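Numbering (this note's numbering), first residue to last: 834 to 1158.
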């Protein structure tokens, strides 16, 4: 190993150790599960805030289930799991991490396939993170946004010629199922002049994910893309977080001065995941069964369209949002 290679390896190891130290839990504050109903676990304590990450420890002590605080009811904490509640029962310890969910970011994300929480699922080893970005962030200040005054080529002639996309612009694709929306996104990811593609696949069937990566995206598009995948069999919170994770990753590359094309397939399934969460915690259904937060989901609690457009005097993040009608 040369001196330069050794220095690079040492720097990567130091970055991993620093990330572990930032997330180290020096004090553990515990609560207890008192009830599990549907998708929600209720606990007595600990002292947490909405959005905090907690660990629900199984009784055998062998492992734990991550869960997010989504609300409170009658002095109880409402926890939405990031996995299966099958092993959870009354009396299980609930340990607060005193921090919200964050996503690891860095140049090493390029070419990788991640789950809804930003963890790799492509069997290519762990991602060396240079930093952590919060899933919830404020959009750029309106007076500090770049104006949409530069075109972005996506390599599709009819779009470039008739419906030209600008740097920092937001575009929606509305169509029924099976008419080629995902194929169009794959074409744009392959041929766009943007520096980086961040693609979020939310609520897709498992076989469709591999088809998109190998057939629609291809090796050329995948090499400069980051894919965030949450299939239809994942819990609703994971599907919702996949949209936030993709937005946070796009923000990282934007802050690094790169032009990022953020694509989401599809926003409809993100809203459905928000509806499932809302109904589980007792929010009243409104139009078409959607709970009130769904109407502000875009751009509301995670503000993805507002966060994913018009870079703050650095890079830019034009975005395509696919909706199934």
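Every residue gets a Cβ at the ideal spot worked out from N, C-alpha and C, and that includes glycine. Bear in mind the structure is a predicted one, so any value in this text is a computation, not a measurement.
(request) Figure out for me which residue from 889, 890 and 902 has the closest Cα to the Cα of residue 882. (result) With distances taken between Cα atoms, residue 882 lies closest to 902.
(request) Could you say which of 955, 970 and 1026 lies nearest to residue 986 if we only look at CA atoms? (result) 1026
(request) Assign residue 847 to one of two classes, buried (16 or more other C-beta atoms within 10 Å of its C-beta) or exposed (fewer than that). (result) Taking all protein chains shown into account, residue 847 has fewer than 16 neighbouring C-beta atoms within 10 Å of its C-beta and is therefore exposed.
(message) Using 9 Å as the threshold, is the C-beta distance between residue 1109 and residue 872 below it?
(response) yes
(message) Suppose the cutoff is 6 Å on Cβ atoms and the five residues either side in sequence are ignored; what does the same chain contact list for residue 1066 look like?
(response) none
(request) Give the C-beta separation of residue 874 and residue 921 to the nearest angstrom, bearing in mind that I take them to be a contact with Cβ-Cβ under 8 Å. (result) 6 Å
(request) Just the C-alpha distance for residue 1053 and residue 1023, rounded to the nearest angstrom, thanks. (result) 6 Å
(message) For residue 877 and residue 1074, what's the separation of their Cα atoms in angstroms?
(response) 25 Å
(request) Have a look at residue 1012 and residue 1083 and give me their C-alpha separation to the nearest angstrom. (result) 27 Å
(message) Would residue 914 and residue 1070 be called neighbours here (beta carbons separated by less than 9 Å)?
(response) For residue 914 and residue 1070, yes; Cβs fall inside 9 Å.
(request) Return the first residue and the last residue of the alpha helix (DSSP H) that residue 1069 is part of. (result) Residue 1069 -> alpha helix (DSSP H) spans 1069-1088.
(request) Find out if the Cβ-Cβ distance for the pair residue 1036, residue 1102 is shorter than 9 Å. (result) The Cβ-Cβ distance between residue 1036 and residue 1102 falls below 9 Å.
(request) Evaluate the contact criterion for the stretch 997-1012 versus the stretch 975-985: three or more CB pairs, one atom per stretch, below 8 Å. (result) Verdict: yes, contact present.
(request) Pick helix, strand or coil for residue 993, following the three-state DSSP scheme. (result) helix
(request) Give me whichever residues DSSP pairs with residue 982 in a beta bridge. (result) DSSP lists no partner for residue 982.
(message) To the nearest angstrom, how far is the alpha carbon of residue 1021 from that of residue 1123?
(response) 32 Å
(request) Put residue 1045 into one of helix, strand or coil per three-state DSSP. (result) helix
(message) Can you give me the C-alpha to C-alpha distance between residue 1032 and residue 924, rounded to a whole angstrom?
(response) 40 Å
(message) Using a Cβ-based criterion (distance less than 8 Å to any ligand heavy atom), does residue 849 qualify as near the ligand SAH?
(response) Absence of the ligand SAH is noted for the structure shown, with no ligands found whatsoever.
(request) Could you please give me the residues that DSSP links to residue 966 through a beta bridge? (result) 936
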